[in-house]
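2 protein chains.
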Amino acid sequence: MPVASSDPASPGGYAHRGRRPSTSREALSRAALHLFASRGYEATTVDDIAAAVGVSRRTFFRYFESKRDAIWGEFDAELARLETELGSAAPDEPMMDVLTRAVVTTNRFGAGELDELRIRIGLISTVPSLIAHSAVRYAEWRDVVAAFAARRLGRAPDDLAPQALARAALGVAAAAFDSWASGDSDDLGGAVEQAFRLLSGGFGDGDPQP
Amino acid sequence: MPVASSDPASPGGYAHRGRRPSTSREALSRAALHLFASRGYEATTVDDIAAAVGVSRRTFFRYFESKRDAIWGEFDAELARLETELGSAAPDEPMMDVLTRAVVTTNRFGAGELDELRIRIGLISTVPSLIAHSAVRYAEWRDVVAAFAARRLGRAPDDLAPQALARAALGVAAAAFDSWASGDSDDLGGAVEQAFRLLSGGFGDGDPQP
DNA sequence: TTCCATTTTGACATCGAGTGCGATAAATTG
DNA sequence: CAATTTATCGCACTCGATGTCAAAATGGAA
């Protein structure tokens, strides 16, 4: 029963003051994704999404800050996991190794999620308005990586080196995601690992494995 | 007389059909920049900008696709220069060397332009709405670099390696710009070079010069 | 049961970005 | 002067986003 947490009579759910929600973040997110995928992002209005789950436009904006945010699923949670992963690494493990492993492990998805993920990434990297918004979400990701790099390098988080590393890491990770999303491989982790190997190698030789 | 090209009686200017422009792209861009810097980006409306140069709101949108675009100065021209620079390099010069040099040389600015440039970059990397839009403009930059890398690596432009390199290069270049803009150094080129050295070195050692 | 506190939802108004369209103003050419 | 060309203007409209307030639904306490 993957209906998640919108069931009003949820089992084990304890007493609940006030009116019960008539929808959920997830229901709105899914409805939005499907509408975006079928009609196109720009052609879908917030009213359409709200109507698809039977709520008013205003209610949509109680669950999401903006129409764009509806496509970012559980990004906040993934970000928190990345932070934990980076924070709990052994201090003697090389910086780039830690980073690669952390990015790979925070991006494991079950087989059932891959189809939707592919659609999400496809939209995010294709629709101008979503490309634009991605920069804002990715900035949060960058900050986490920059903080980690700053600790490892003994610099301030907004010094050039940590910032350059964070942005470069974001770049190769995004390249891996896009490449995966536009192909038909199942191995997202493999693409991420390959991209980070290129980065660690300084893009030096035409052939990445010596 | 830095009033540029909006002078109706321009010397040597030859005959000119139709009504003369009552403003110019540059005048609008400057007015926008000053308003953004003083009142803030969000608090400045397109009407404000148009009014500042004595023109209607509708006319603003004849010169810029959007309010956000008003801050991107001569980006298109810089992009064309980057493309030329990358295309005309000696085929035996190492890829990363060519790239570094091209980025440095396409970002030389005269001393008179540095103050405005600092404000532009500060806004672009600070205001959420402009951070977002930067992704769209930077995507054009990435495409140019990816095409160059693809030629050098003998791959298609949207293969993982060229894409990863292009995005990583963009990342470190942006880090250099931000770092420069938030400091008080005059040496933008130096920052860019340092960032690319980190990238070429794979962020391997804590100390970038071996 | 009745009343209250809490929470979600909805209706309405408002603002600003962006677009389409047609009218008008100013300039050159003949 | 008329025809043509180009730039500007005004207006109406859509849509995303925000603020405000009233209404609906629910659990708990009196």
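Taken in sequence, the protein lines are chains Z and G. The C-terminal position of the first sequence is numbered 227 in the numbering used here, with every residue numbered one higher than the one before it. The C-terminal position of the second sequence is numbered 227 in the numbering used here, with every residue numbered one higher than the one before it. The beta-carbon is built from N, C-alpha and C at its ideal position, and this holds for glycine as well.
First and last residue of the uninterrupted alpha helix (DSSP H) at residue i
{"i": "G:Y58", "result": "Neither: G:Y58 is in no alpha helix (DSSP H) and is coded neither H nor E."}
{"i": "Z:A163", "result": "145-170"}
{"i": "G:A94", "result": "92-104"}
{"i": "Z:A173", "result": "Unbroken run through Z:A173: none, as it is neither H nor E."}
{"i": "Z:A119", "result": "112-122"}
{"i": "G:G200", "result": "Where G:G200 is concerned, there is no enclosing alpha helix (DSSP H), given that its DSSP letter is neither H nor E."}
{"i": "G:D132", "result": "131-141"}
{"i": "G:F126", "result": "Per DSSP, G:F126 belongs to no alpha helix (DSSP H) and is neither H nor E."}
{"i": "G:R74", "result": "74-80"}
{"i": "Z:V209", "result": "205-217"}
{"i": "G:A87", "result": "Per DSSP, G:A87 belongs to no alpha helix (DSSP H) and is neither H nor E."}
{"i": "Z:D109", "result": "Element bounds for Z:D109: n/a, residue is neither H nor E."}
{"i": "G:V63", "result": "63-69"}
For residue j and residue i, believed in contact at Cβ under 8 Å, the rounded distance
{"i": "Z:I88", "j": "G:A156", "result": "No, Z:I88 and G:A156 are not in contact; Cβ-Cβ is about 18 Å, not under 8 Å."}
{"i": "Z:I138", "j": "Z:D195", "result": "7 Å"}
{"i": "G:V228", "j": "G:L205", "result": "Missing from the structure shown is residue 228 of chain G; chain G here goes from 18 to 227 and no further."}
{"i": "Z:L45", "j": "Z:F81", "result": "7 Å"}
{"i": "G:R159", "j": "G:A183", "result": "4 Å"}
{"i": "Z:I136", "j": "Z:L52", "result": "At roughly 12 Å, the Cβ-Cβ gap does not stay under 8 Å, so Z:I136 and Z:L52 are not in contact."}
{"i": "G:A119", "j": "Z:A181", "result": "Wrong, their Cβ atoms sit about 18 Å apart, outside the cutoff."}
{"i": "Z:D201", "j": "Z:L131", "result": "Not quite, the Cβ-Cβ distance comes to about 11 Å (not below 8 Å), so this is no contact."}
{"i": "Z:T117", "j": "Z:F213", "result": "4 Å"}
{"i": "G:A4", "j": "G:P174", "result": "Because chain G is modelled from 18 through 227, residue 4 of chain G falls outside the range shown and cannot be assessed."}
{"i": "G:A178", "j": "G:M112", "result": "With 8 Å as the limit, G:A178 and G:M112 do not qualify as a contact, their Cβ atoms being about 11 Å apart."}
{"i": "Z:R98", "j": "Z:S146", "result": "Rounded, the Cβ-Cβ distance is 27 Å, inconsistent with contact."}
Any chain G beta carbon closer than 8 Å to residue i
{"i": "Z:S83", "result": "no"}
{"i": "Z:A167", "result": "no"}
{"i": "Z:L45", "result": "no"}
{"i": "Z:A178", "result": "yes"}
{"i": "Z:G29", "result": "Confidence is the limiting factor: at Z:G29 the pLDDT is only 37, short of 50, which leaves the residue's position unreliable, though a coordinate-based value still follows. No, Z:G29 lies away from the interface with chain G (no Cβ there is under 8 Å from its Cβ)."}
CB contact check: residue i to chain Z, cutoff 8 Å
{"i": "G:A164", "result": "no"}
{"i": "G:A119", "result": "no"}
{"i": "G:S217", "result": "yes"}
{"i": "G:R36", "result": "no"}
{"i": "G:R184", "result": "yes"}
{"i": "G:F53", "result": "no"}
{"i": "G:A181", "result": "yes"}
{"i": "G:P25", "result": "Because the pLDDT of G:P25 is 38, which lies under 50, any placement of that residue in the model is unreliable, and the question is left without a value."}
(request) Pull out every residue of the segment 187-214 of chain G whose Cβ sits closer than 8 Å to any Cβ of chain Z, in chain order. (result) L187, G188, V189, A191, A192, A193, D195, S196, S199, A208, Q211, A212
(message) For the segment 148-160 of chain Z, list every residue whose C-beta sits within 9 Å of some C-beta in chain G, in sequence order.
(response) I148, A149, H150, S151, A152, V153, Y155, A156, R159
(request) Could you list the residues in the segment 62-96 of chain Z with a C-beta less than 8 Å from some C-beta on chain G, going in chain order? (result) none
(message) When you compare the segment 65-83 of chain Z with the segment 41-55 of chain Z, are there three or more beta-carbon pairs, one atom per stretch, that lie closer than 8 Å?
(response) yes
(message) Using a Cβ-Cβ cutoff of 7 Å, what residues of the segment 118-147 of chain G are near chain Z? List them in chain order.
(response) P145
(request) May I ask you to list, following chain order, the residues of the segment 96-108 of chain Z that have a beta carbon less than 9 Å from some beta carbon of chain G? (result) none
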